[in-house]
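So the structure is just underneath, and the comments pick up after that.
Right under this line is the structure:
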């Protein structure tokens, strides 16, 4: 199956383009991303959730004191949720979490549902929606997580997404986002770029019967750069943010909290 979109003429950040791309990729996305990343995608998702857990502990510190107990059943929003690869990590860290899975691709949701363990299916709600204009209520999420969806947004869209995250997080809530990045300055970057830009599309055509959908990953990561712009946008949206590089910058992440507003002074 060949990609029907010409990336030279189509807007690769258009909502319809992204939805159609991942609808086509959905059936083979999980296995292909695991194999093509040599297992690093699994590790980076784990590290993203580790950062989320760490931020959840930081968020419990109020006025220099640790609050008695974190949320027993945290409301977690998974943006650009795909087929749910991050969910096992979330449940390891937060066994009673309730997940709202947001993804623009109908087929991604369908494949995620077929993979659900029945013991967990009641803890996940699926929403086919664009993360930039989701109608989730304000201050409804204890945590927001996103793994490998940021690169499909340009800089302006990332700014919109940052405000959405700030809007849906409650005060004291936390977030962690990770994305494959372009490791500028790394000695082995030319090999990394050759793999993404040339080797990966060739392997896709050979092993996926001529498909040419995943070759857009190289373009997305090069245009994305790293999470620094997202960090600036999140900070501008009123959130506390820390930036981190993973594996020499081949992935980068941002994590942080939504500050708790100080109590109003007594009259």
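Residue numbers (our numbering): 1422 to 1688. Backbone N, C-alpha and C define an ideal beta-carbon position, used for all residues, glycine too. Since this is a predicted model, take the numbers as computed values, not measurements.
- By the neighbour-count criterion, in which 16 or more other beta carbons inside 10 Å mark a residue as buried, residue 1596 falls on the buried side.
- Exposed is the label assigned to residue 1542, since fewer than 16 other Cβ atoms lie within 10 Å of its Cβ.
- Between the region 1459-1471 and the region 1503-1516 there are three or more inter-stretch CB-CB distances shorter than 8 Å, so the stretches are counted as touching.
- The alpha-carbon separation between residue 1603 and residue 1520 amounts to approximately 30 Å.
- Scanning 1442, 1593, 1610 and 1499 for the CA closest to the CA of residue 1555 turns up 1499.
- The way I'd put it, the region 1521-1534 does touch the region 1542-1553; three or more beta-carbon pairs between them come closer than 8 Å.
- Residues 1575 of the same chain have their beta carbon placed closer than 6 Å to that of residue 1434, with the five preceding and five following residues left out of the count.
- Residue environment for residue 1619: exposed (fewer than 16 other C-beta atoms within 10 angstroms of its C-beta).
- Under the Cβ criterion (8 Å, minimum of three pairs), the region 1664-1677 does not count as touching the region 1586-1594.
- Within the same chain, 1505 and 1545 come within 8 Å of residue 1537 by CB-CB distance, once the 5 residues on both sides are set aside.
- Unbroken beta strand (DSSP E) runs of no fewer than 3 residues, entirely contained in the region 1430-1514, are found at 1496-1500, following chain order.
- Residue 1591 carries a strand assignment under DSSP once its states are collapsed to helix, strand and coil.
- Nearest Cα to residue 1589 within the set 1494, 1614 and 1560: 1560.
- Going by beta carbons, residue 1564 and residue 1598 fall outside the 8 Å limit.
- DSSP places residue 1548 within a strand segment (E or B) once states are collapsed to three.
- Contact between residue 1573 and residue 1466 does not hold, since the beta-carbon distance rounds to 17 Å and is not under 8 Å.
- Here residue 1495 is buried, its C-beta having at least 16 other C-beta atoms within 10 Å.
- Cβ neighbours of residue 1528 within its own chain (closer than 6 Å, five residues either side excluded): 1444 and 1447.
- For residue 1643, there is no enclosing beta strand (DSSP E); the residue is part of the alpha helix (DSSP H) that begins and ends at 1637-1645.
- Linking residue 1452 to residue 1558 through their CA atoms gives a straight-line distance of about 34 Å.
- Residue environment analysis places residue 1677 among the buried positions, since at least 16 neighbouring C-beta atoms fall within 10 angstroms of its C-beta.
- Judged by DSSP secondary structure, residue 1522 falls within the beta strand (DSSP E) whose first and last residues are 1519-1524.
- Looking only at 1503, 1475, 1562 and 1553, the smallest Cα-Cα distance to residue 1518 is reached by 1562.
- In the three-state scheme derived from DSSP, where H, G and I count as helix and E and B as strand, residue 1541 is classed as helix.
- In the DSSP assignment, residue 1662 is bridged to 1677.
- In the DSSP assignment, residue 1533 falls within the unbroken alpha helix (DSSP H) covering 1527-1536.
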